[in-house]
Amino acid sequence: MASSNSLMDSLFQRSLEDLIKGLRLGESTFISRSLEEIRREIKLTDLSTKSVALQKLSYLAALHGVDMTWAAFHAVEVVSSSRFAHKRIGYHAIAQSFSDQTPVMLLITNQLRKDLNSSNEHEVSLALECLARIGTDDLARDLTSEVFTLLGSSKALVRKKAIGVVLRVFDKYPDAVKVCFKRLVENLESSDPQLLSAVVGVFCELTAKDPRSYLPLAPEFYKILVDSRNNWVLIKVLKIFAKLASIEPRLAKKVADPVCEHMRKQNVGKSLLFECIRTVFSSLSNQEVALKLAVVKIREFLMDDDPNLKYLGLHALSIVAPKHLWAVLENKEAVVKAMSDEDPNVKLEALHLLMAMVNEDNVTEISRILMNYALKSDPLFCNEIIGSILVACSRDSYEIIVDFDWYVSLLGEMARVPHCQRGKEIEHQLIDIGTRVKDAKLELVRVSRALLIDPALLGNQFLHPILSAAAWASGEYVEFSKSPYEIAEALLQPRTCLLPDSIRAIYIYSAFKVLVFSLGAYFSSQEPTSSPLAQESTSSGPSMVNGFTYNSISSLVNMIELGLCSLSGTIDVEVQERAKNVLGFIGMIKHEIAEKATSQNSETEAHRAIAFMEDVFSEELGPVSSTAQEKVPLPEGLDLNENLEGLQEICREVLEPMAESDYSSDKVSFSVAKLRIRDQEEASSSLPPPLESSSLLAEHRKRHGLYYLSSQKSDDHNDRDGNDNNTSNEYPPANEISVDSFKPKKKISKPRPVVVKLDEGDEPKRKPDASSSNDESLSRAIQTALMGKGKGKEKEKEKERVKENHEMNVDTENIEQSSRREKKNKKNGERSGKRSSRRQRGKEASVTKPVEVPDLLL
Amino acid sequence: SNLSLQIRFILLQNRQGKTRLAKYYVPLEESEKHKVEYEVHRLVVNRDSKFTNFVEFRTHKVIYRRYAGLFFSLCVDITDNELAYLECIHLFVEILDHFFSNVCELDLVFNFHKVYLILDEFILAGELQETSKRAIIERMSELEKLE
Numbered sequence: 001m002a003s004s005n006s007l008m009d010s011l012f013q014r015s016l017e018d019l020i021k022g023l024r025l026g027e028s029t030f031i032s033r034s035l036e037e038i039r040r041e042i043k044l045t046d047l048s049t050k051s052v053a054l055q056k057l058s059y060l061a062a063l064h065g066v067d068m069t070w071a072a073f074h075a076v077e078v079v080s081s082s083r084f085a086h087k088r089i090g091y092h093a094i095a096q097s098f099s100d101q102t103p104v105m106l107l108i109t110n111q112l113r114k115d116l117n118s119s120n121e122h123e124v125s126l127a128l129e130c131l132a133r134i135g136t137d138d139l140a141r142d143l144t145s146e147v148f149t150l151l152g153s154s155k156a157l158v159r160k161k162a163i164g165v166v167l168r169v170f171d172k173y174p175d176a177v178k179v180c181f182k183r184l185v186e187n188l189e190s191s192d193p194q195l196l197s198a199v200v201g202v203f204c205e206l207t208a209k210d211p212r213s214y215l216p217l218a219p220e221f222y223k224i225l226v227d228s229r230n231n232w233v234l235i236k237v238l239k240i241f242a243k244l245a246s247i248e249p250r251l252a253k254k255v256a257d258p259v260c261e262h263m264r265k266q267n268v269g270k271s272l273l274f275e276c277i278r279t280v281f282s283s284l285s286n287q288e289v290a291l292k293l294a295v296v297k298i299r300e301f302l303m304d305d306d307p308n309l310k311y312l313g314l315h316a317l318s319i320v321a322p323k324h325l326w327a328v329l330e331n332k333e334a335v336v337k338a339m340s341d342e343d344p345n346v347k348l349e350a351l352h353l354l355m356a357m358v359n360e361d362n363v364t365e366i367s368r369i370l371m372n373y374a375l376k377s378d379p380l381f382c383n384e385i386i387g388s389i390l391v392a393c394s395r396d397s398y399e400i401i402v403d404f405d406w407y408v409s410l411l412g413e414m415a416r417v418p419h420c421q422r423g424k425e426i427e428h429q430l431i432d433i434g435t436r437v438k439d440a441k442l443e444l445v446r447v448s449r450a451l452l453i454d455p456a457l458l459g460n461q462f463l464h465p466i467l468s469a470a471a472w473a474s475g476e477y478v479e480f481s482k483s484p485y486e487i488a489e490a491l492l493q494p495r496t497c498l499l500p501d502s503i504r505a506i507y508i509y510s511a512f513k514v515l516v517f518s519l520g521a522y523f524s525s526q527e528p529t530s531s532p533l534a535q536e537s538t539s540s541g542p543s544m545v546n547g548f549t550y551n552s553i554s555s556l557v558n559m560i561e562l563g564l565c566s567l568s569g570t571i572d573v574e575v576q577e578r579a580k581n582v583l584g585f586i587g588m589i590k591h592e593i594a595e596k597a598t599s600q601n602s603e604t605e606a607h608r609a610i611a612f613m614e615d616v617f618s619e620e621l622g623p624v625s626s627t628a629q630e631k632v633p634l635p636e637g638l639d640l641n642e643n644l645e646g647l648q649e650i651c652r653e654v655l656e657p658m659a660e661s662d663y664s665s666d667k668v669s670f671s672v673a674k675l676r677i678r679d680q681e682e683a684s685s686s687l688p689p690p691l692e693s694s695s696l697l698a699e700h701r702k703r704h705g706l707y708y709l710s711s712q713k714s715d716d717h718n719d720r721d722g723n724d725n726n727t728s729n730e731y732p733p734a735n736e737i738s739v740d741s742f743k744p745k746k747k748i749s750k751p752r753p754v755v756v757k758l759d760e761g762d763e764p765k766r767k768p769d770a771s772s773s774n775d776e777s778l779s780r781a782i783q784t785a786l787m788g789k790g791k792g793k794e795k796e797k798e799k800e801r802v803k804e805n806h807e808m809n810v811d812t813e814n815i816e817q818s819s820r821r822e823k824k825n826k827k828n829g830e831r832s833g834k835r836s837s838r839r840q841r842g843k844e845a846s847v848t849k850p851v852e853v854p855d856l857l858l
Numbered sequence: 001s002n003l004s005l006q007i008r009f010i011l012l013q014n015r016q017g018k019t020r021l022a023k024y025y026v027p028l029e030e031s032e033k034h035k036v037e038y039e040v041h042r043l044v045v046n047r048d049s050k051f052t053n054f055v056e057f058r059t060h061k062v063i064y065r066r067y068a069g070l071f072f073s074l075c076v077d078i079t080d081n082e083l084a085y086l087e088c089i090h091l092f093v094e095i096l097d098h099f100f101s102n103v104c105e106l107d108l109v110f111n112f113h114k115v116y117l118i119l120d121e122f123i124l125a126g127e128l129q130e131t132s133k134r135a136i137i138e139r140m141s142e143l144e145k146l147e
């Protein structure tokens with residue numbers, strides 16, 4: 001019978017302890033058996049049995065990954081019990097398993113309200129803890145008044161927890177500010193350090209997101225900074241001031257003194273000391289006295305044996321490095337020593353600091369030292385080193401490099417480091433330098449040659465991108481080469497089969513350029529070739545090859561032909577096509593090479609063909625700005641949006657959403673390859689037959705061929721493969737070159753070569769962070785609350801405290817205006833937990849009319 | 001959520017990677033939790049005792065310390081004060097020690113609800129709310145009476 005079964009279950013229910021003991025003996029089957037038991041037990045009406053079952057379930061969920069969301073309703077039942085033990089279990093389960101998606105969430109509102117209003121402070125605590133963890137928008141809104149009441153509770157414990165909850169409530173339901181903010185601020189004056197810690201913690205979070213709104217509270221925070229003896233409180237207050245001082249410089253001056261006081265204390269806790277130093281370095285670095293003191297103190301950290309302190313010392317230095325490099329230079333030895341530390345974290349910090357010290361004069365020396373480290377290090381650190389060198393040297397269009405010959409050869413050297421995995425970046429820089437620095441082409445070709453002829457490198461897949469760049473450079477700048485034959489031979493060596501097809505295609509194309517160049521030189525040489533002209537030249541000008549003999553040119557042509565013949569049957573279309581193109585070209589002019597030896601007729605077909613090809617390759621390829629696409633003017637009468645909407649209509653079933661591609665949303669790009677792949681996928685699913693879509697596609701392509709890119713390659717290859725057949729003859733050229741002239745430095749013997757830079761810079765525009773409407777409404781609400789508070793408090797303060805200059809002249813208009821302006825130029829410095837936002841914090845857009853700072857701080 | 005909580009989660013794991021305590025202050029799917037626990041364990045278990053007690057973890061930081069066979073790991077924001085949180089961990093261990101007299105892993109296994117209770121007095125919604133050992137101990141004894 002059902003009832004006797006439930007009685008049995010109740011009497012013989014396994015306790016939590018039994019469960020745990022059982023688990024220790026044997027797991028997965030035991031878990032599934034226990035789950036069955038729990039499912040039965042939890043449905044019983046007896047609350048004690050139910051809560052034990054719930055407790056066991058919570059345990060399994062927390063530590064053994066069992067899903068407990070199905071028990072949500074039972075948790076609600078348990079929590080309604082009047083027994084504290086049950087309530088505790090119930091709330092714990094709720095806090096652990098409820099989320100915004102839990103359907104029964106609505107049911108607990110009343111229970112929470114009841115418990116929040118309870119006279120038993122422990123029940124109140126439970127409810128507050130639960131609310132803090134799972135509060136939804138609705139809960140936050142519905143329970144705001146309860147939280148408000150509790151903020152003024154006579155029991156410190158309750159107040160403290162209510163304060164902890166407030167942050168969550170504010171986040172979910174900003175209007176709560178109007179109700180609660182006053183009380184929150186009142187609590188700032190509490191003498192209970194734990195209470196204070198909680199309040200300051202809340203403000204720490206709030207200030208991090210929106211410092212300007214809390215500027216009017218600076219006097220309160222200042223008082224805490226000066227009076228408090230509790231490290232936790234002080235650390236949080238310092239964080240608040242770090243944010244406030246960076247937007248209000250006058251604060252920095254005022255706050256510097258108390259911070260120094262703390263730093264000078266005899267037995268100051270290391271955590272507090274570090275926070276002081278960090279605050280000084282990040283926000284008060286223009287305060288000389290504080291800065292100097294902080295640097296002295298950080299030295300103590302650097303010299304300490306405790307690895308934690310050493311690491312933190314280095315870390316702090318990297319904060320101050322950008323503005324005050326002298327602090328780092330003073331501690332150079334410690335930094336270099338740290339490079340050999342065993343802890344990878346410490347090494348990394350040291351590396352960053354070393355890179356901060358790099359400048360024009362010492363870049364060669366430091367790079368030399370670092371490359372030596374790299375060779376001796378594990379792969380991870382080795383690549384970190386190479387990566388940082390690459391970044392530092394290429395910053396601002398290689399601003400730091402004076403001797404490009406040295407740098408190019410360094411890039412080649414990097415390729416030879418066994419652990420090197422930075423192929424892509426090196427590839428990019430080799431080509432980039434080729435297009436920007438005319439004078440470096442010679443060295444570039446030299447380094448490329450060395451890389452190309454080495455068969456061992458072909459086996460290392462990490463080096464393939466570099467080889468690709470080397471091949472491209474060798475072809476593009478073949479006129480600087482000492483021995484085109486050698487280059488062509490290297491490009492077509494059998495081991496190139498190890499390369500991926502896309503790079504092989506580049507190799508072939510470069511060989512073609514070499515061929516064209518050589519043929520051009522051969523056909524244009526006027527003297528009869530009686531003696532074999534030197535293929536090697538001693539001059540270092542652009543035209544290295546004085547001429548080809550009949551023998552040398554024909555052996556070149558034959559070699560190329562032989563090398564490509566085997567490729568004309570490869571599966572990859574790109575390789576096959578290029579091989580065949582070159583072979584076709586050779587076929588066309590081959591017979592006339594011999595004729596040239598005998599006749600001087602320069603009007604042959606071959607001659608014309610070669611001259612034509614030379615022309616094709618003669619245009620100088622330059623760097624392309626990332627904003628070039630946007631600058632392409634729209635032709636008259638072209639209405640992009642309208643046309644593309646129609647396109648989307650047609651292709652909706654075929655095309656994947658644009659957002660998934662990694663092209664910037666500024667460009668409208670279309671990948672035919674993607675469409676084809678999608679077609680194949682559709683073929684095996686139940687969606688409309690692919691035949692229909694692809695024929696629609698073909699039709700559309702005929703009509704709107706202009707919008708289709710001809711190449712399947714991604715956009716960042718366009719620089720290199722600029723000679724790809726671009727069908728868009730209608731559009732004006734995308735290349736934009738503006739030349740920066742550069743004055744040579746006084747001491748250097750060889751003047752720095754010209755580096756081509758582009759007007760708008762080459763970094764892709766960073767998109768500003770999307771501002772959430774919640775943030776805005778919160779800060780608006782707070783500002784409103786502070787305005788009202790300011791006016792009321794004025795009278796109170798004049799009555800109660802007689803302190804000099806304690807007027808709060810909060811200007812209503814200013815706040816409103818500045819908040820409106822904030823919405824227009826929303827700053828990027830919001831805390832998003834990502835590293836990049838840290839760098840942007842220093843550059844907050846300053847509003848022209850700042851919020852008035854209380855006179856205390858002036 | 002837009003909140004950047006101070007503490008995102010706390011983990012107690014043994015050397016083999018078994019989780020003895022897991023409290024998350026951010027919403028995470030079960031599978032995500034598994035991944036996190038696995039990754040954190042891998043991060044801390046191989047580090048030499050001479051190394052720092054802080055490691056980067058995804059876009060945050062993990063501050064950890066080993067006590068006997070257990071790793072106590074706190075995940076915090078990148079900008080948080082590492083030393084303060086080390087003290088926080090130590091405080092937690094001291095309190096556990098007080099309640100379980102020379103606490104060992106088994107104590108934590110069999111008293112997991114009590115450990116959670118202590119933790120909830122310590123940290124609320126990812127923020128440190130009580131730093132006085134005495135206060136927490138007093139509070140716990142009050143709670144005991146209620147059960």
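Line order of the protein sequences matches chains A and B.
All the letters of the first sequence, read from the start, carry residue numbers 1 to 858 under UniProt numbering.
All the letters of the second sequence, read from the start, carry residue numbers 1 to 147 under UniProt numbering.
We put the beta carbon where it would ideally sit given N, CA and C, even for glycine.
In this text, all values refer to a predicted model and were calculated from it rather than measured experimentally.
Discussion item. So with CB distances below 7 Å, who are the chain C contacts of residue 53/B?
Written reply: Reference to chain C is not applicable here, since the protein chains of this structure are A and B.
Practice prompt. Compare the beta carbon distance of residue 557/A and residue 517/A with 8 Å and say whether it is the shorter of the two.
Written response: A distance of 8 Å or more separates the beta carbons of residue 557/A and residue 517/A.
Practice prompt. Please list the residues of the stretch 231-247 of chain A that have a C-beta atom closer than 7 Å to any C-beta atom in chain B, keeping them in chain order.
Written response: So the close ones are 232, 235.
Worksheet item: Are there three or more Cβ pairs, one per stretch, closer than 8 Å when the stretch 485-500 of chain A is compared with the stretch 574-591 of chain A?
Response: The count of Cβ pairs closer than 8 Å, one atom from the stretch 485-500 of chain A and one from the stretch 574-591 of chain A, stays below three, leaving the stretches out of contact.
Practice prompt. Counting only the same chain and skipping the five closest in sequence on each side, list residues whose C-beta sits under 6 Å from that of residue 433/A.
Written response: 440
Worksheet item: Hey, would you say residue 78/B sits closer than 8 Å to residue 61/B, going by beta carbons?
Response: Cβ distance < 8 Å, so residue 78/B and residue 61/B count as in contact.
Practice prompt. Starting from the C-beta of residue 592/A, find all residues in its chain whose C-beta is less than 6 Å away, skip the five residues before and the five after it, and write them out in chain order.
Written response: 604, 606, listed in sequence order.
Discussion item. Any beta carbon from chain A within less than 8 Å of residue 50/B's own beta carbon?
Written reply: It does; some Cβ of chain A falls within 8 Å.
Worksheet entry | Residues of its chain near residue 726/A, where Cβ-Cβ distance is below 6 Å and the 5 sequence neighbours each way are ignored | Low per-residue confidence applies at residue 726/A: pLDDT is 41, beneath 50, and the placement is therefore not dependable, though the value from the model is reported in the following sentence. Nothing meets the Cβ criterion.
Discussion item. I'd like the list of long-range same chain contacts for residue 90/A, defined as Cβ closer than 6 Å, with 5 residues on each side in sequence excluded.
Written reply: 75, 78, 79
Discussion item. Please report the distance separating the alpha-carbon of residue 554/A from that of residue 460/A.
Written reply: 33 Å
Worksheet entry | Interfacial residues, the stretch 49-80 of chain A to chain B, with Cβ spacing under 7 Å | Listed by position along the chain: 55, 59, 62, 63, 65, 67.
Worksheet entry | Which of helix, strand or coil DSSP assigns to residue 324/A | Coil at residue 324/A, not helix or strand.
Item to complete: For the beta strand (DSSP E) containing residue 60/B, list its first residue and its last residue.
Response: Note, residue 60/B: beta strand (DSSP E), 60-67.
Worksheet item: Is it the case that the Cβ atoms of residue 392/A and residue 385/A are separated by a distance below 8 Å?
Response: No, the Cβ-Cβ distance between residue 392/A and residue 385/A is not below 8 Å.
Worksheet item: If we ignore side chains and look at the alpha-carbon of each, how far apart do residue 88/A and residue 394/A end up?
Response: 60 Å
Worksheet item: DSSP on residue 57/B, reduced to helix/strand/coil?
Response: strand
Worksheet item: Near residue 122/A, which residues of its chain fall below 7 Å by C-beta distance, leaving aside the five closest residues on each side in sequence?
Response: 84
Worksheet item: Secondary structure at residue 621/A, three-state DSSP: helix, strand or coil?
Response: coil
Worksheet entry | Cβ separation of residue 127/B and residue 201/A, assumed to be a contact under 8 Å, to the nearest whole Å | 5 Å
Worksheet item: Nearest CA to the CA of residue 107/B: which residue from 138/B, 21/B, 9/B, 80/B?
Response: 21/B
Worksheet item: With burial defined as no fewer than 16 other Cβ atoms inside 10 Å of the residue's Cβ, what is the status of residue 94/B: buried or exposed?
Response: exposed
Worksheet item: Quick one: is residue 132/B near chain A, going by C-beta distance under 8 Å?
Response: Yes, residue 132/B counts as interfacial toward chain A.
Practice prompt. Determine whether the Cβ of residue 183/A lies closer than 8 Å to any Cβ atom of chain B.
Written response: no
Worksheet item: My guess is that residue 52/B and residue 346/A are in contact by the Cβ rule of under 8 Å, so how many angstroms apart are they, rounded?
Response: About 7 Å separates the CB atoms of residue 52/B and residue 346/A; that is less than 8 Å, so the two are in contact.
Discussion item. Could you tell me which whole beta strand (DSSP E) segments of length 3 or greater appear in the stretch 279-327 of chain A?
Written reply: none
Fill in: Start-to-end residues for the alpha helix (DSSP H) that takes in residue 212/A
211-214
Worksheet item: Cβ of residue 99/A less than 8 Å from any chain B Cβ?
Response: yes
Worksheet item: Are residue 140/A and residue 114/A closer than 8 Å when you measure CB to CB?
Response: no
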